[in-house]
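For the sequence shown, the tail end lands on 251 under the working numbering, and the numbers increase by one without skipping. Positions of the beta carbon are idealized from the N, C-alpha and C atoms, including for glycine. Notes follow the structure.
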Amino acid sequence: MLGDFCLRLHALKRENKRCYDNDASNRLSLLRCGRNNPIASFHPFMTKQEWIARIEFLAKTSKNLTGDLLSALGEFMSRAQFSYMHPSFMGDPFGPEILAEIREAQLRREIKERARYLRRKKYVEHQRKGDTIIAKITDDGLASIFEQDICKVEQRLPDGEYVVVAFDIPEDTKLTRQLFRRRLKTFGFEQHQLSVWICQRDVAEEVVRWVQAIGAQRWVSVFRARLMT
């Protein structure tokens with residue numbers, strides 16, 4: 023791609039030699055010719071401020087941020103290639119700053135998308151107090167956090183010792199026994215008896231917090247025990 027780009031630049035040079043005069047006063051003409059030429063939207067002499075403004079605009083308006091940032095980065099790399107081949111036109115280097123702005127714009131967009139996702143899942147709710155909006159983690163959000171905490175635990179109990187979860191959940195509750203079993207299996211528990219599950223990872227405290235978050239403490243018991251037989 024860069025090779026084809028360079029060939030097109032040489033063609034442009036043949037069409038209008040004044041655009042490639044090494045005199046710095048002719049750089050504006052070069053930029054104008056570049057904009058009128060069918061070399062996509064490549065602007066070899068965009069200033070740092072123009073680049074940053076463009077990235078910020080993409081972060082706010084793009085419907086395909088990853089693709090648009092990739093295109094912008096491609097133009098930036100083409101500029102770097104052009105500057106390498108034509109050092110007399112190379113201005114102050116600002117590559118690291120542009121790349122940092124791209125990363126920051128992508129991060130800002132990602133954070134906004136994740137925040138919307140958390141609200142859709144009802145993990146977070148917003149409360150207005152006067153002119154202030156306060157974000158609050160819901161019980162479902164806390165339960166999700168504790169589920170992640172359980173999965174992260176790697177420490178194991180000594181041989182023969184287990185974390186035991188015993189439960190008797192009524193059929194008419196919102197939390198079904200089937201859903202509860204699926205969660206325990208996800209956490210790495212194994213069924214020892216019908217409503218008794220065991221795990222050798224030391225997740226007792228994390229499971230207790232999770233059980234409290236989902237409001238099941240009336241029907242669930244969590245304890246550490248040694249299996250004798």
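Buried or exposed by the 16-neighbour rule on C-beta atoms within 10 Å, applied to Ala137: Walking along the sequence shown from the start, residue 137 turns up at place 115. Ala137 comes out exposed.
As assigned by DSSP and simplified to three states, the class of Lys145: Translated into the one-based positions of the sequence shown, residue 145 becomes position 123. Note that residue 145 is Tyr in the sequence shown, not Lys. DSSP places Tyr145 in the coil class of the three-state scheme, outside both helix and strand.
Pair within 8 Å by beta-carbon distance, Trp219 and Val244: Position 197 of the sequence shown, counting from 1, holds the residue named residue 219. Position 222 of the sequence shown, counting from 1, holds the residue named residue 244. It is not a contact, given that the beta carbons lie outside the stated cut-off.
Terminal residues of the beta strand (DSSP E) in which Lys158 lies: The sequence position of residue 158 within the sequence shown is 136, counting from 1. First-last of the beta strand (DSSP E) with Lys158: Thr154 to Ile159.
Coil, strand or helix - Phe211 by DSSP: Position 189 of the sequence shown, counted from the start, is the residue given in the question as residue 211. Note: Phe211 maps to coil in three-state DSSP.
One or two residues paired with Tyr184 in a DSSP bridge: Position 162 of the sequence shown, counted from the start, is the residue given in the question as residue 184. Its beta-bridge partners are Ala247.
Sufficient close CB pairs (3 or more, under 8 Å) joining the segment 176 to 184 to the segment 220 to 239: Yes, they touch.
Residue burial classification, Ile133 (beta-carbon count within 10 angstroms, cutoff 16): Residue 133 sits at position 111 when you count from the first residue of the sequence shown. The residue is exposed, with fewer than 16 neighbouring Cβ atoms inside 10 Å.
Arg240 (DSSP reduced to helix, strand or coil): Taking the sequence shown and counting its residues from 1, one reaches residue 240 at position 218. Here Arg240 sits in coil by DSSP.
Cα-Cα separation between Leu249 and Glu183, rounded to whole angstroms: As a working note, residue 249 is residue 227 in the sequence shown. As a working note, residue 183 is residue 161 in the sequence shown. For Leu249 and Glu183, the distance between alpha carbons rounds to 6 Å.
Cutoff 6 Å; reference Gly113; Cβ partners in own chain excluding five residues on either side: By 1-based counting over the sequence shown, the position of residue 113 is 91. Confidence is the limiting factor: at Gly113 the pLDDT is only 48, short of 50, which leaves the residue's position unreliable, though a coordinate-based value still follows. Nothing listed; no residue qualifies.
Through-space distance from Ile74 to Trp8, alpha-carbon basis: Outside the shown range of the chain, which is 23 to 251, sits residue 8, and nothing can be said about it.
Backbone CA spacing between Val242 and Arg204 [nearest angstrom]: One-based indexing of the sequence shown puts residue 242 at position 220. One-based indexing of the sequence shown puts residue 204 at position 182. If I take the Cα positions, the gap works out to 15 Å.
Nearest to Ala85 (by Cα), restricted to the options Arg131, Thr208 and Glu126: Within the sequence shown, the letter at position 63 stands for residue 85. For the record, residue 85 in the displayed sequence is Lys; it is not Ala. Among Arg131, Thr208 and Glu126, the Cα nearest to that of Lys85 is on Arg131.
Check whether Lys158 and Gln149 have beta carbons under 8 Å apart: On the sequence shown, residue 158 is found 136 positions in, with the first residue counted as 1. On the sequence shown, residue 149 is found 127 positions in, with the first residue counted as 1. At the C-beta level, Lys158 and Gln149 come within 8 Å of one another.
Check whether Tyr139 and Asp162 have beta carbons under 8 Å apart: Looking up residue 139 in the sequence shown gives position 117. Looking up residue 162 in the sequence shown gives position 140. No, the pair does not count as a contact, with Cβ atoms beyond the cut-off.
Closest residue to Asp194 among Ala238, Phe168, Glu227 and Val175 (Cα-Cα distance): The residue you call residue 194 lines up with position 172 of the sequence shown. Selected option, being the one with the closest Cα: Ala238.
Contact check, Ala165 vs Ala127, beta carbons under 8 Å: On the sequence shown, residue 165 is found 143 positions in, with the first residue counted as 1. On the sequence shown, residue 127 is found 105 positions in, with the first residue counted as 1. Taking C-beta atoms as the reference points, Ala165 and Ala127 fail to come closer than 8 Å.
CA-to-CA distance, Thr160 to Asp153, given in whole angstroms: As a working note, residue 153 is residue 131 in the sequence shown. As a working note, residue 160 is residue 138 in the sequence shown. Distance between Asp153 and Thr160, taken at the CA atoms: about 22 Å.
Contacting residues, own chain, Cβ-Cβ under 7 Å from Gln213 (five flanking each side not counted): Numbered from 1 along the sequence shown, position 191 holds the residue referred to as residue 213. Here the set comprises Trp219.
Simplified DSSP state of Asp151, which is helix, strand or coil: Reading the sequence shown from its first residue, position 129 is the one you call residue 151. Note that residue 151 is Lys in the sequence shown, not Asp. Reduced to three states, the DSSP call for Lys151 is strand.
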